[in-house]
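Reading through the structure tokens given below for one structure.
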Amino acid sequence: MMLIRTRGAPSTIHGMGLFTVEAVARGTPVWRFEPGFDHDFSPEQFAALPPLAREHTRWFCFVSKADGHVILSGDHACFINHSPTNNTGAPPNPQPPVTTVALRDLAAGEEITCDYWSYDADTPWKLGLVTRDAPLGAKSGAGGTKA
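Numbering (our numbering), first residue to last: 16 to 162.
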């Protein structure tokens, strides 16, 4: 669940992005997993979804590197784009629940970014490094890679 005011808008990184509405100070929590609002699918629950529900969920979720669970945000956090120079990420000493903080001061109107590689086991799929039919969590260089 987003913990700061944001808006979706076209991104220069990819498609739609998520942008701050107000300035955000370094260290401010910007997203937190909120039970009952965000959804946590076990791998078995995800596999049991109807095909179109799996397709939608995979596009907008992340796959936890910690436990393989599929996390679907209940709001527009799904529009946070990847950047190798991300401005949000895990706090120095992460504690449950999973929380993302601003890694530096963010200006009003700035696009919020994160490093997918740090937490999402499905990053190769999201970044187009494996084919769209690759299994959930497929790694680059494994079956399903693009030629």
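C-beta atoms are modelled at their ideal positions from N, C-alpha and C, and glycine is treated no differently.
Since we're looking at a predicted model, the values are computed, not measured.
- Under the DSSP assignment, Arg69 falls in the alpha helix (DSSP H) whose first and last residues are Pro66 to Phe75.
- For His91, the three-state secondary structure derived from DSSP is helix.
- Beta-bridge partners assigned by DSSP to Asn96: Thr128.
- Counting only the Cα atoms, Ser26 lies some 34 Å from Glu59.
- Just so you know, the alpha carbons of Val85 and Ala38 end up roughly 31 Å apart.
- Comparing alpha-carbon positions, the option among Thr115, Lys141 and Trp140 lying closest to Ile127 turns out to be Thr115.
- Shown here, Ala63 sits in a helix according to DSSP, grouped into three states.
- Going by C-alpha positions, Ser79 is about 6 Å away from Ala136.
- Pro111 and Ala122 have their C-alpha atoms spaced approximately 27 Å apart.
- Secondary structure note for Thr115: its beta strand (DSSP E) is the uninterrupted segment Thr114 to Ala117.
- DSSP places Pro44 outside any alpha helix (DSSP H); the residue lies instead in the beta strand (DSSP E), whose first and last residues are Pro44 to Arg47.
- Gly30 and Gly23 have their C-alpha atoms spaced approximately 10 Å apart.
- Under the DSSP assignment, Thr138 falls in the alpha helix (DSSP H) whose first and last residues are Thr138 to Lys141.
- Contact between Glu125 and Thr21 does not hold, since their C-beta atoms are separated by about 10 Å, which reaches or exceeds 8 Å.
- Nearest C-alpha to Pro107 among Val145, Pro44 and Phe56: Pro44.
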